[in-house]
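For what it's worth, my numbering labels the leading residue of the sequence shown as 5, then goes sequentially.
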Amino acid sequence: KNAVFHNINAGYWSSAIRKSVPAILLLLFLSGQTNVNAQKLVPDKSVADEFGKVLVQDQKGRTKPLFTLSNDILRKVTRENKFEGLTSMQVFLGLYFDFNNWKDVPLIRISNSDLQKKIGISGKFVAFSDLINIEGNGNYKISEEVNAAYSKAPGERSKMDKEIMKIDERVNIVYMIYKGDFMKLFPLKDGTHDWGSPQDALKKAMNKEDSLYLKSIMPVLADAFQTNNAASARKVSESISGYQKSFSQYALPSQSKTNAELLYYKLAIFERLFPYYATVGLIMLIGLITMVIRGRKETSLFVKALGWLLFAGFLFHTLGLGLRWYIAGHAPLSNGYESMIFISWATLIAGFIFSRKSPFALSATAVLGSMTLMVAHLSFMDPEITNLVPVLKSYWLTLHVSVITGSYGFLGLGAILGLITLILISLSNDKNRERISNTIDELTVINFKTLTLGLYFLTIGTFLGAVWANESWGRYWGWDPKETWSLITIIIYSIVIHSRRIPGMKDIFTYNLISLFAFSSVLMTYFGVNYYLSGLHSYAAGDSVPVPSFVYIVVIVLTAISLL
Numbered sequence: 005k006n007a008v009f010h011n012i013n014a015g016y017w018s019s020a021i022r023k024s025v026p027a028i029l030l031l032l033f034l035s036g037q038t039n040v041n042a043q044k045l046v047p048d049k050s051v052a053d054e055f056g057k058v059l060v061q062d063q064k065g066r067t068k069p070l071f072t073l074s075n076d077i078l079r080k081v082t083r084e085n086k087f088e089g090l091t092s093m094q095v096f097l098g099l100y101f102d103f104n105n106w107k108d109v110p111l112i113r114i115s116n117s118d119l120q121k122k123i124g125i126s127g128k129f130v131a132f133s134d135l136i137n138i139e140g141n142g143n144y145k146i147s148e149e150v151n152a153a154y155s156k157a158p159g160e161r162s163k164m165d166k167e168i169m170k171i172d173e174r175v176n177i178v179y180m181i182y183k184g185d186f187m188k189l190f191p192l193k194d195g196t197h198d199w200g201s202p203q204d205a206l207k208k209a210m211n212k213e214d215s216l217y218l219k220s221i222m223p224v225l226a227d228a229f230q231t232n233n234a235a236s237a238r239k240v241s242e243s244i245s246g247y248q249k250s251f252s253q254y255a256l257p258s259q260s261k262t263n264a265e266l267l268y269y270k271l272a273i274f275e276r277l278f279p280y281y282a283t284v285g286l287i288m289l290i291g292l293i294t295m296v297i298r299g300r301k302e303t304s305l306f307v308k309a310l311g312w313l314l315f316a317g318f319l320f321h322t323l324g325l326g327l328r329w330y331i332a333g334h335a336p337l338s339n340g341y342e343s344m345i346f347i348s349w350a351t352l353i354a355g356f357i358f359s360r361k362s363p364f365a366l367s368a369t370a371v372l373g374s375m376t377l378m379v380a381h382l383s384f385m386d387p388e389i390t391n392l393v394p395v396l397k398s399y400w401l402t403l404h405v406s407v408i409t410g411s412y413g414f415l416g417l418g419a420i421l422g423l424i425t426l427i428l429i430s431l432s433n434d435k436n437r438e439r440i441s442n443t444i445d446e447l448t449v450i451n452f453k454t455l456t457l458g459l460y461f462l463t464i465g466t467f468l469g470a471v472w473a474n475e476s477w478g479r480y481w482g483w484d485p486k487e488t489w490s491l492i493t494i495i496i497y498s499i500v501i502h503s504r505r506i507p508g509m510k511d512i513f514t515y516n517l518i519s520l521f522a523f524s525s526v527l528m529t530y531f532g533v534n535y536y537l538s539g540l541h542s543y544a545a546g547d548s549v550p551v552p553s554f555v556y557i558v559v560i561v562l563t564a565i566s567l568l
């Protein structure tokens, strides 16, 4: 297996076609090599962003711009998209090329106040050197706490344990930057699709030319960042890109796809949309409730303007989904984060469909859409674009998941309309009951229509899922927890929309009440199955986790409104 006959490849011969290596050798003689100064290295933004366009292979095997990788890393370590005004590339490159100084910079996020006191810090960030004595005996200050947290069952872990595990992950990420584990820039000449750091690629080098190139490339790059030489950084970037094109064993992303990914991450559309939707939606909702109480029937210009603002946000939402679809090469429906941003999009569609009947529908969906996007950006959701697992590499992903998650938008609208109706009922009195009752009747009719559409989509999506299950697992229905809860949700909403024919449930109050609480079955199907039950659809593999405290608060508040 180690013979030349087995390992022979084009790298054994020199070629005039591969111009990148001679170019970088010439660059070495022109620029020289300089040592990094004792001052903390902070590359110029334009120089760092230029190098951020270079492709890198991440830990999961996906090839993407280095800027994307640095963005994902910074968000995990600091929980922010920028750090002290520096971009993710500036921080990443500083850590990699000048770890000796950057290890003393507090950038590892610690949110727990008790843990802050234990470590001996006053702010929300701790330096790598505060936790690990890398120059001494390598002592890890929270090693006992980390071991204790990981030894517990998921359901027994406290908030402190979870925070310690998150800190441990952040510490490990910073250490991996220091070791160069994230700098997989060079295809390995070993017949595989794997890429590696310059040190890894050097072990697989086929000739002296390759060895000299791989030994020299990082010092030249460090010199470019130290001197903020944009032209030099650009030449190095072009050289590395040429090396990748020459020796990669698979097709690289096109330039247009790389540019689209850079645009997607720099725009941060979904992170900016959820406060936007929430602000516009709440202002619109409060304005509409005030108009109803005061008896104003005509839609004001102010409300129409807010509607157009929401439409503008929806267009950007659509652009974000389209960009993510183009970048990933598959419909953005493959994980929890993607399905949440799609549900938010479908919810806004439901709002626009029924906004002609009542502007309440649009304001309600804006609020619900913002809440959905907010959940999508909580710590347990990962917004990283990843490759599809084999079972999801099917056109059924687009058909089944889009229809069934789209139904959640319509069912969610019904729940919000039910809540608004209950609030209006509670605000009614002898003076305004007549005019409020007209709005209540209008919202109830819209509620019925949106739940009917939602139930149709849910049922069709479940049948499509059964067809997909037959192709993937060889059976249409197996009483998997996700399948079972989909059926339960179908039955529950069938009862809700037929409650007008059930004795004792024919009144408007009861209909809106059950349309509100019926949504809990959707939440159980979407979240509960993954975290509390074990099955083929359960990504958490049945690991039980404590119910978040805010869930109890929401239940208490909704119950209080219902009783009122």
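For every residue, glycine included, the Cβ atom is placed at its ideal position computed from N, Cα and C.
- In terms of Cβ geometry, V150 and I168 form a close pair [threshold 7 Å].
- In this structure P387 does not touch E265 by the C-beta definition: roughly 13 Å separates them, more than the 8 Å allowed.
- Distances from the alpha-carbon of I420 to those of I297, H197, Y480 and T351 put T351 closest.
- Counting only runs of at least 4 residues, the region 384-469 fully encloses the following alpha helix (DSSP H) elements, listed from N- to C-terminal order: 406-431.
- The region 453-472 makes no contact with the region 332-342: fewer than 3 CB pairs, one atom from each, lie closer than 8 Å.
- For a cut-off of 8 Å, the C-beta gap from G413 to A370 is around 12 Å, too long to register as a contact.
- Distance from the CA of S117 to the CA of M187, rounded to the nearest whole angstrom, comes to 34 Å.
- Under the three-pair Cβ rule at 8 Å, the region 205-213 does not count as touching the region 105-112.
- Rounded to whole angstroms, the separation of the alpha carbons of V307 and L457 is 26 Å.
- In the structure shown, P363 falls within a helical segment according to DSSP collapsed to helix, strand and coil.
- For the 7 Å CB-CB criterion, G285 and S362 do not form a contact.
- Assignment of beta-bridge partners to Y217 by DSSP yields no partner.
- V51 places its beta carbon less than 7 Å from that of A237.
- Here P69 is bridged, per DSSP, to L59.
- Between the region 445-455 and the region 471-491, the count of C-beta pairs closer than 8 Å stays below three; the two stretches do not touch.
- If the five residues before and after W349 are omitted, its C-beta is found closer than 8 Å to the C-beta atoms of F318, H321, T322, L325, G373 and G413, all from its own chain and listed in chain order.
- For the options P223, N474 and Y460, the alpha carbon positioned closest to that of I495 is the one of Y460.
- No Cβ-Cβ contact shorter than 7 Å links A205 with F229.
- Straight-line measurement puts the Cα of L567 at about 16 Å from the Cα of Y556.
- Around the beta carbon of Y269, 16 or more other beta carbons sit within 10 angstroms, so the residue counts as buried.
- Considering only L517, V46 and T67, the residue with the shortest C-alpha distance to T91 is V46.
- Around the C-beta of T82, 16 or more other C-beta atoms lie within 10 Å, and the residue is accordingly described as buried.
- Taking C-alpha positions only, S162 is separated from N436 by approximately 49 Å.
- Non-local C-beta neighbours of M222 in its own chain, meaning closer than 6 Å and more than five positions away in sequence, comprise P202, ordered along the chain.
- Secondary structure note for Q259: its alpha helix (DSSP H) is the uninterrupted segment Q259 to L271.
- DSSP, read as helix, strand or coil, puts L90 in strand.
- Contact check for F103 against Y179 fails: the beta carbons are separated by 7 Å or more.
- Approximately 6 Å separates the beta-carbon atoms of R66 and T390; this is inside 8 Å, confirming the contact.
- Taking C-beta atoms as the reference points, S343 and T402 fail to come closer than 7 Å.
- Annotation for N105: the continuous alpha helix (DSSP H) segment containing it runs F103 to W106.
- Residue burial annotation: E148 is exposed, with fewer than 16 other C-beta atoms found within 10 angstroms of its C-beta.
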